[in-house]
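Asks:
2 protein chains.
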Amino acid sequence: MRIAVDAMGGDFGPGITIQGAVQASREFGLEILLVGVADIVKKEFDRVRPSGSKVTIIDAPEFVGMGEGLFSIRRRGRSSIRVGAQLVKERQAEALVSMGNTAAVVYISRKVLGALQGVNKPALSLLVPTLRGLTLLLDVGANANCVPEDLEQFAVMGKIFMTQVMGCRNPTIGLMSIGEEETKGNDLTKKAFERLQASSLNFIGNLEGKDLYSGKADIIVSDGFTGNVALKVTEGVVETFFHIARREIMKDFFAKIGLLLMKKHLKRVYKKIDYSEYGGAQLLGLNGVCIIGHGRSNPNAVKNAVRLARDFVANRVQERIQEEIAKTALAGGGSGAE
Amino acid sequence: MRIAVDAMGGDFGPGITIQGAVQASREFGLEILLVGVADIVKKEFDRVRPSGSKVTIIDAPEFVGMGEGLFSIRRRGRSSIRVGAQLVKERQAEALVSMGNTAAVVYISRKVLGALQGVNKPALSLLVPTLRGLTLLLDVGANANCVPEDLEQFAVMGKIFMTQVMGCRNPTIGLMSIGEEETKGNDLTKKAFERLQASSLNFIGNLEGKDLYSGKADIIVSDGFTGNVALKVTEGVVETFFHIARREIMKDFFAKIGLLLMKKHLKRVYKKIDYSEYGGAQLLGLNGVCIIGHGRSNPNAVKNAVRLARDFVANRVQERIQEEIAKTALAGGGSGAE
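Heads up: the protein sequence lines correspond to chains E and F, in order.
1 is the number of the first residue of the first sequence in our numbering; add one for each residue after it.
1001 is the number of the first residue of the second sequence in our numbering; add one for each residue after it.
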């Protein structure tokens, strides 16, 4: 199996990404296409001095910075992300893995690869750690405007991912809303509720924001606007909490000792709740495999993202999504009038 | 000034609410109408044995439970919340304070009191603690479906509250979205962005979920669906974090000692981030004053909610909202075609 890795993405520069990609090649016996500015990539690659890895460098003269907006993303016609997506399109690689600018990867991969037949909108999905394990949240930002049918398709796509890649049997599906009663929600979720209820999916009803981390459902579907806000609020809460806590604790000697004694354990907690540990976000319903790792990925997280891409390809996730979406459409869940 | 307090609301029963209301009467020299099942209220009131408070008990034979849904709320025609709202409508009280079921208070007070002239949708607003102070988030759940004009009105109403009650000069206003660029967001926020940009408000642009607790803006406007999800996600993150942290820490002797040393400080942090400390949520744009305290309110928090109601009345918040909304409509921000 051959996987293209965007060597230029990630907050820590090409070195870290290349290390992880090389490790993945060695451990999983994969062929890796390292896509990026050839000089830079070659230099970093030589520094790793890998043995037993199958790596080819593919030149892409441009790259998209982590903070760049859509305007400049559009202008970079030969960025590492675009060249990587092109490799997937031309079947020279079976998947693209990038730790780069999420908005750029979503925009470019949709543009280059397009959606699977029958899929209205490829969705960005993310595994979040919960009290009971992992829950898949989708969409987390690829589609700010959705219609009820989109949310049903997200549920179908999430189901395929959870069963095929995560080994979850008959995953439960919840709908992100503002109250558990059927009558709660906005126009979008109320109509989506009806569709999900009528489907053959294992739908357990409305969930609230606080259920995102409770593990009540294996999959939570949401429009991309709400899903993105939910995720970003999480980041904000964690950051703010640690900031205020540190400020309070540093005022007192005993509290500082206390922190010292707990440090190792708090790190372990942080690791548990840090989603960069779980391989990355997946674009479901795309006509090709594309995994977006977290910008903060260390080599190990990069390796996990590559492994996830491998599992995606090996389990034919996108093909199965296409089959299932076609079945759903036949069963009457298709593009009926909204 | 006379303020009606729903004696039956709150997770801890009438006793706690009555204690807080009596304290408020004594400290602020307010007349309190304690609304609830007379026998129960009288018994709890006698237990407090207040001196120097001006309290009258008003009988309301029914009450709404904390977990009850809209169906049963509608059936309780003589609940303490409804009787309290009626007192405000008939000008026998200048404000209603309830620690009860938020959905019930929002539903009943809107039904009984209605909106101010010119206000499309009264909004539920809440002060959240941030790194720099307090930020007002609205709407947090009263209006699941909004049009762009609603968000502009929320901004105007929030501004009046922050200037008149919180003493914040020329408050900054942010729009909850999924990226800071103007082009980011959904159809609703993109149109709301244009309206806010064109208004005379101190609009600072789009914010992301992570900015909710950063203190970047004094006011953040959002449709009620997104605002509610944002708030509930926060609850979920905090609960899950503490749960996982406790589980990890209890495994190790030294970590337990560490926790013990930090306990006092962590409690202080928790107090800082616990919004029940800040008096409660406010319904802005209602034809009458209504404050909703947190269900978990202790007597002190109840007292703070009553004080907030007093400040609301004393600073003529609702009247000023009506004036400002009328001005906005004249300035061309009115109910134009969407």
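Think of the CB as a built atom: it goes at the ideal place given N, C-alpha and C, for glycine as much as any other residue.
So which residues of chain E does R1268/F contact, with C-beta pairs closer than 8 Å?
Replies: Neighbours of R1268/F on chain E, chain order: E248.
Asks: Report yes if the C-beta distance between T1240/F and S214/E is below 9 Å; otherwise report no.
Replies: Against a cut-off of 9 Å, the Cβ pair of S214/E and T1240/F comes out as a contact.
Asks: State the Cα-Cα distance for the pair V1106/F and R1002/F, rounded to the nearest angstrom.
Replies: Approximately 21 Å between the Cα atoms of the pair.
Asks: Determine the contact status of S1109/F and L1127/F, defining contact as a CB-CB distance below 9 Å.
Replies: No, the Cβ-Cβ distance between S1109/F and L1127/F is not below 9 Å.
Asks: By the DSSP assignment, the alpha helix (DSSP H) with E248/E in it spans what residues?
Replies: Its alpha helix (DSSP H) spans residues G224 to I249.
Asks: Using the rule of at least 16 other Cβ atoms within 10 Å of the residue's Cβ for burial, across every protein chain shown, is D1218/F buried or exposed?
Replies: That one is buried.
Asks: Give me the residue from F1254/F, M1262/F and K1251/F with the minimum Cα distance to K256/E.
Replies: The candidate whose alpha carbon is nearest that of K256/E is M1262/F.
Asks: On the premise that M1157/F lies in contact with I1220/F, defined as a C-beta separation below 8 Å, what is that separation, rounded to the nearest angstrom?
Replies: About 13 Å separates the two Cβ atoms, so there is no contact after all.
Asks: Could you tell me how far apart the beta carbons of L1201/F and I1178/F are, in whole angstroms, since I believe they sit closer than 8 Å?
Replies: Not a contact, Cβ separation roughly 21 Å.
Asks: With H, G and I counted as helix, E and B as strand and the rest as coil, what does DSSP make of M1066/F?
Replies: Coil, per DSSP.
Asks: Determine the chain E residues that contact S1214/F at a beta-carbon separation under 9 Å, and present them in chain order.
Replies: The answer, in chain order, is G236, E239 and T240.
Asks: If we ignore side chains and look at the alpha-carbon of each, how far apart do Q1092/F and V1289/F end up?
Replies: Between Q1092/F and V1289/F, the C-alpha separation is close to 12 Å.
Asks: Using a Cβ-Cβ cut-off of less than 7 Å, list which residues of the region 1195-1222 of chain F approach chain E; keep chain order.
Replies: Those would be E1208, G1209, K1210, D1211, L1212, Y1213 and S1214, in chain order.
Asks: Between L1033/F and I1058/F, is the Cβ-Cβ spacing less than 9 Å?
Replies: In contact: L1033/F and I1058/F (Cβ atoms closer than 9 Å).
Asks: Between which two residues does the alpha helix (DSSP H) carrying F12/E extend?
Replies: Run containing F12/E: none; DSSP gives neither H nor E here.
Asks: Using a 10 Å radius around the Cβ and a threshold of 16 neighbouring Cβ atoms, would you call Q1023/F buried or exposed?
Replies: Buried: at least 16 other Cβ atoms inside 10 Å.
Asks: Under 8 Å between beta-carbons, which chain E residues line up against I1257/F? List them in chain order, please.
Replies: The answer, in chain order, is G258 and L261.
Asks: For a minimum of 4 consecutive residues, which ranges assigned as the alpha helix (DSSP H) are wholly contained in the region 32-120 of chain E?
Replies: For the region 32-120 of chain E, whole alpha helix (DSSP H) runs of length 4 or above, ordered along the chain, are 38-48, 70-75, 80-89 and 102-113.
Asks: At a Cβ threshold of 9 Å, is T1172/F touching chain E?
Replies: Not one chain E Cβ lies under 9 Å of T1172/F.
Asks: Flag Q1023/F as yes if its beta-carbon sits less than 9 Å from any beta-carbon of chain E, otherwise no.
Replies: Q1023/F does not count as touching chain E.
Asks: How would you call S1072/F, buried or exposed, if buried means at least 16 neighbouring beta carbons within 10 angstroms?
Replies: When all chains shown are included, S1072/F counts as exposed.
Asks: The alpha helix (DSSP H) spanning A1198/F covers which residue range?
Replies: Unbroken alpha helix (DSSP H) run through A1198/F: D1187 to A1198.
Asks: In whole angstroms, give me the CA-to-CA distance for L1260/F and Q19/E.
Replies: Spanning the two alpha carbons is a distance of roughly 41 Å.
Asks: Please list the terminal residues of the continuous alpha helix (DSSP H) segment that includes D150/E.
Replies: Per DSSP, D150/E belongs to the alpha helix (DSSP H) from P148 to Q164.
Asks: Anyone know if the C-beta pair for G1236/F and K210/E falls short of 9 Å?
Replies: Yes, the pair counts as a contact, with Cβ atoms nearer than the cut-off.
Asks: Let me see if you follow: with CB-CB separation under 9 Å, is V229/E close to chain F or not?
Replies: Yes - at least one Cβ of chain F is within 9 Å of the one on V229/E.
Asks: So if DSSP puts L1004/F in a beta bridge, which residue, or which two residues, is it bridged to?
Replies: Per the sequence shown, residue 1004/F should be read as Ala rather than Leu. Note: A1004/F sits in a beta bridge opposite L1033/F and L1096/F.
Asks: Is the beta carbon of I321/E closer than 9 Å to that of S98/E?
Replies: Not a contact, by the Cβ cut-off of 9 Å.
Asks: Per DSSP, which residues does I1220/F bridge with? Please list them.
Replies: Note: I1220/F sits in a beta bridge opposite L1137/F and G1174/F.
Asks: Cβ of E1181/F less than 9 Å from any chain E Cβ?
Replies: So, interface residue.
Asks: Report the partner residues of P1122/F according to the DSSP bridge assignment.
Replies: Beta-bridge pairing links P1122/F to no other residue.
Asks: How is the alpha helix (DSSP H) around A1309/F delimited, first residue to last?
Replies: Run containing A1309/F: P1299 to A1314, per the alpha helix (DSSP H) assignment.
Asks: Report the option in G1065/F, G1280/F, G1067/F and D1006/F whose CA atom is closest to the CA atom of L1308/F.
Replies: If we check each option's Cα against that of L1308/F, G1280/F comes out closest.
Asks: Mapping DSSP to helix, strand and coil, what is G1288/F?
Replies: G1288/F falls in the coil class under three-state DSSP.
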